[in-house]
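Colleague: Numbering (my numbering), first residue to last: 19 to 166. Using N, Cα and C, we set each Cβ at its ideal position, and we do this for glycine too. These figures come from a predicted structure and were not determined experimentally.
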């Protein structure tokens, strides 16, 4: 007896995230259905025109905007960017280079440097100091037994 395998499916929001596109900008038939793993693989391998256009022009989800600007998602929020941006809007922000963007890029660079330092330290732990060879702690003298 063989069991029928059901295809693995996901919500449109999950598929949009995996495709790196803003869900609200996708076609209605994409948002209203479910996406199978095979359909997702096909969309990634042979993207339709709407997906190619979305990836090129946006609007882009926050994670993509943050990556394109070189900041964190939290940095976007601190800078007042809460909505999806198009590629044109992202390029305009890069050109303007407002103070918040400069600050958040510096913060992100410091974070990446610290992550790399920790990774390097974990890969190459510092040598432990040499143990003192014959330096055993002296045994405490036992108190003498009292005589009565």
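Can you tell which of 133, 125, 119, 104 has its C-alpha closest to the C-alpha of residue 79?
Modeller: Selected option, being the one with the closest Cα: 104.
Colleague: In its own chain, which residues sit with a C-beta less than 6 angstroms from the C-beta of residue 49, not counting the 5 before and 5 after it?
Modeller: So the list reads 30, once near-sequence residues are dropped.
Colleague: My output table needs one value for residue 53: the three-state DSSP class, helix, strand or coil.
Modeller: In the structure shown, residue 53 sits in a strand (DSSP, three-state: E or B).
Colleague: Going along the chain, which unbroken runs of the alpha helix (DSSP H) with 4 or more residues stay wholly within the region 39-91?
Modeller: Runs of the alpha helix (DSSP H) inside the region 39-91: 46-50, 55-63, 67-75, 80-87.
Colleague: Between the alpha carbons of residue 97 and residue 127, how many angstroms are there, rounded?
Modeller: For residue 97 and residue 127, the distance between alpha carbons rounds to 17 angstroms.
Colleague: In whole angstroms, what separates the C-alpha of residue 25 from that of residue 63?
Modeller: Approximately 18 angstroms, taken between the alpha carbons.
Colleague: Of the choices 71, 67, 66, 112, whose alpha-carbon is the least far from that of residue 86?
Modeller: Ranking 71, 67, 66, 112 by Cα distance to residue 86 puts 112 first.
Colleague: Quick one: residues in its chain with C-beta nearer than 7 angstroms to the C-beta of residue 81, no 5 flanking neighbours on either side, listed in chain order?
Modeller: Excluding positions up to five away in sequence, the list reads 91.
Colleague: Starting from residue 103, follow its DSSP beta bridges and name the residues at the other end.
Modeller: Paired residue(s): 78.
Colleague: Flag this pair as yes or no: are the beta carbons of residue 42 and residue 89 separated by less than 8 angstroms?
Modeller: Taking 8 angstroms as the Cβ cut-off, residue 42 and residue 89 do not qualify as a contacting pair.
Colleague: Please state whether the Cβ-Cβ distance between residue 33 and residue 58 is less than 8 angstroms.
Modeller: Against a cut-off of 8 angstroms, the Cβ pair of residue 58 and residue 33 comes out as a contact.
Colleague: Assuming residue 40 contacts residue 66 (C-beta within less than 8 angstroms), just tell me the rounded distance between them.
Modeller: Not quite, the Cβ-Cβ distance comes to about 16 angstroms (not below 8 angstroms), so this is no contact.
Colleague: For residue 32, which three-state DSSP category applies?
Modeller: In this structure, residue 32 counts as helix in the three-state DSSP scheme.
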